[in-house]
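Colleague: Start counting the sequence shown at 2; every next residue gets the next number (my numbering).
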Amino acid sequence: MVPHGICILRDNGPMERVEILIIGGGIAGLSTAWHLARRGMTDVLLLDREPLPGFYSSGHNAGIGRQLTGKAEHTALTVSGLQRLAEVGLLEPTGGLLLGAEAGGTAALAREAEAFGLRAESGPGSTVAGLRAEEHLRIPSDGVIDVDRMLAVCAEGARSGGARLRFGCAVRAIHPGAEGFEVETDQGPIRAARLVNAAGGWAQALGRLAGGLDLAFQPLRRHLVWSPQPWPVAGPWAWWADRPFYLRSESGGLLLCCVEEEAVDLPPRGQQPPNREGILEDLSERLKELAPDLADLPIARLWNGLRTFTPDRRFMIGADPLNPRLFWVAGLGGHGMTSGLAVGDLAARALAEGAPTGHLDPARFA
Ligand SMILES: Cc1cc2nc3c(=O)[nH]c(=O)nc-3n(C[C@H](O)[C@H](O)[C@H](O)COP(=O)(O)OP(=O)(O)OC[C@H]3O[C@@H](n4cnc5c(N)ncnc54)[C@H](O)[C@@H]3O)c2cc1C
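1. Could you spell out where the beta strand (DSSP E) holding Ile300 opens and where it closes?
2. I want to check one thing, is the minimum distance from the CB of Leu333 to the heavy atoms of ligand 1 below 7 Å?
3. Tell me whether Ser81 counts as near ligand 1, meaning its Cβ is closer than 7 Å to at least one heavy atom of that ligand.
4. Could you give the DSSP three-state label for Cys258: helix, strand or coil?
5. By the 10 Å Cβ neighbour count, where 16 or more other Cβ atoms means buried, how is Arg192 classified, buried or exposed?
6. Quick check on the burial criterion: 16 or more other C-beta atoms within 10 angstroms. Buried or exposed for Trp35?
7. Would you mind sorting Gly306 into buried or exposed? The rule is 16 or more other CB atoms within 10 Å of its CB.
8. At a cut-off of 7 Å, is Gly27 close to ligand 1 when judged by its beta-carbon and the heavy atoms of the ligand?
9. Kindly indicate which residue of Ala349, Trp241, Glu263 and Arg315 has the alpha-carbon position closest to the one of Asp362.
10. In this structure, how does DSSP classify Asp149 when only helix, strand and coil are distinguished?
11. Kindly indicate the opening and closing residues of the alpha helix (DSSP H) around Met317.
12. Note down, in chain order, each residue of its chain lying with its Cβ closer than 7 Å to the Cβ of Pro177, except the 5 sequence neighbours on either side.
13. Would you say the beta carbon of Gly202 is closer than 7 Å to some non-hydrogen atom of ligand 1?
14. Starting from His224, trace the beta strand (DSSP E) in both directions and tell me its first and last residue.
15. So for Val344, helix, strand or coil by DSSP?
16. Is it the case that the CB of Met338 approaches a heavy atom of ligand 1 more closely than 7 Å?
17. Shortest alpha-carbon distance to Cys259 belongs to which of Pro229, Arg222, Gln272 and Pro268?
18. Starting from Leu327 and walking both ways along the beta strand (DSSP E), at which residues does that stretch end?
19. Taking only heavy atoms of ligand 1 into account, decide whether any of them is closer than 7 Å to the Cβ of Glu51.
20. Would you call Glu262 buried or exposed, if buried means 16 or more other Cβ atoms sit within 10 Å of its Cβ?
21. For Arg350, name the three-state secondary structure that DSSP assigns.
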């Protein structure tokens with residue numbers, strides 16, 4: 002008797018078998034696994050090459066729950082994603098403060114808020130002492146995401162729903178065939194009927210291996226800085242719409258970001274991309290202009306992560322046009338945490354029922 006999940010495919014021993022193999026244990030893969038489990042699809046195995054969930058972008062972000070993205074198809078998912086985060090207690094409802102250094106700097110965002118029916122309060126100045134702005138747009142329903150708990154909730158939800166999660170297991174090669182894929186991992190081969198590419202910065206490499214689109218994804222580095230400087234305002238976060246800068250309170254101090262985008266090589270297993278020299282000088286310049294009282298603040302931590310984009314900077318969710326057994330949940334760029342729970346739900350509906358993914362369908366790159 003062959004145990005469930007094992008089939009004999011080769012003379013040299015049994016091969017593990019699964020209906021849906023998800024590659025990537027960041028928010029894209031974890032949320033998809035959780036939402037598949039919620040739909041009763043439990044013959045699911047998620048692999049990640051690193052020992053922990055969210056080792057890369059999903060564990061190195063700012064945790065800002067900002068709904069307005071400038072792209073309607075993304076904002077639909079960030080609005081829904083944030084609502085889901087709030088419902089499961091993963092959002093601190095601080096509100097969000099979008100600032101215009103120049104008059105009119107927040108106008109496009111105000112129009113977007115109206116189009117989505119999001120409550121927004123606008124007015125002159127920043128409303129926060131020490132932050133320079135001509136105008137502000139406050140979104141009361143924005144907030145700060147509990148990133149660690151979000152990853153844990155998705156992982157636990159997937160596990161308790163029946164999915165298997167395996168960390169520290171890298172995919173080395175993929176052999177696509179008529180019935181699915183034979184996947185070589187460093188813990189042995191796996192046969193999967195369907196494959197989900199949720200590999201973040203490595204999505205292009207995985208897509209190519211799986212016989213799908215060979216798309217030029219762009220992994221772009223962005224740094225975050227933490228200062229122990231006490232910040233009197235617990236919330237909301239402040240993000241300049243017309244300047245590359247945001248900050249928010251974090252752990253009794255300040256989290257700051259120069260909103261830069263830098264092409265870098267993907268890091269080897271177990272490592273993060275190196276920090277760039279000069280980033281603190283950039284921060285100092287930004288502070289002199291936008292928050293001069295903070296220009297000399299002490300810095301205690303500097304780190305970075307990758308924001309990975311498709312060529313048109315739209316998320317890529319749906320079946321591959323070249324190999325329909327391959328499914329993409331990739332290119333989440335800078336909105337993966339805010340949209341993550343809605344993205345996982347959309348991906349699970351598309352996988353389970355063939356729900357359309359509209360402008361995010363990979364077919365646009367065929
Ligand atoms: C500095 C910074 C700030 C950000 N701030 C915010 C924010 O405030 N709000 C927000 O909503 N979003 C933010 N983001 C964006 C958000 O973090 C990303 O959109 C999201 O984390 C992407 O998730 P992912 O699962 O696609 O990728 P990842 O988290 O990178 O996961 C991909 C996984 O695939 C695995 N993998 C790759 N290749 C293999 C292989 N061969 N075998 C096995 N596993 C493999 C990797 O180990 C990795 O764990 C920020 C990002 C950065 C970098």
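Glycine is no exception: its CB is placed at the ideal position from the N, C-alpha and C atoms.
Modeller: Checking against the coordinates, here is how it stands:
1. Per DSSP, Ile300 belongs to no beta strand (DSSP E) and is neither H nor E.
2. yes
3. no
4. strand
5. buried
6. buried
7. buried
8. yes
9. Arg315
10. helix
11. Where Met317 is concerned, there is no enclosing alpha helix (DSSP H), although the beta strand (DSSP E) it sits in stretches over Met317 to Ala320.
12. Ala211, Gly212 and Asn324
13. yes
14. Gln219 to Ser228
15. helix
16. yes
17. Arg222
18. Leu327 to Ala331
19. yes
20. exposed
21. helix
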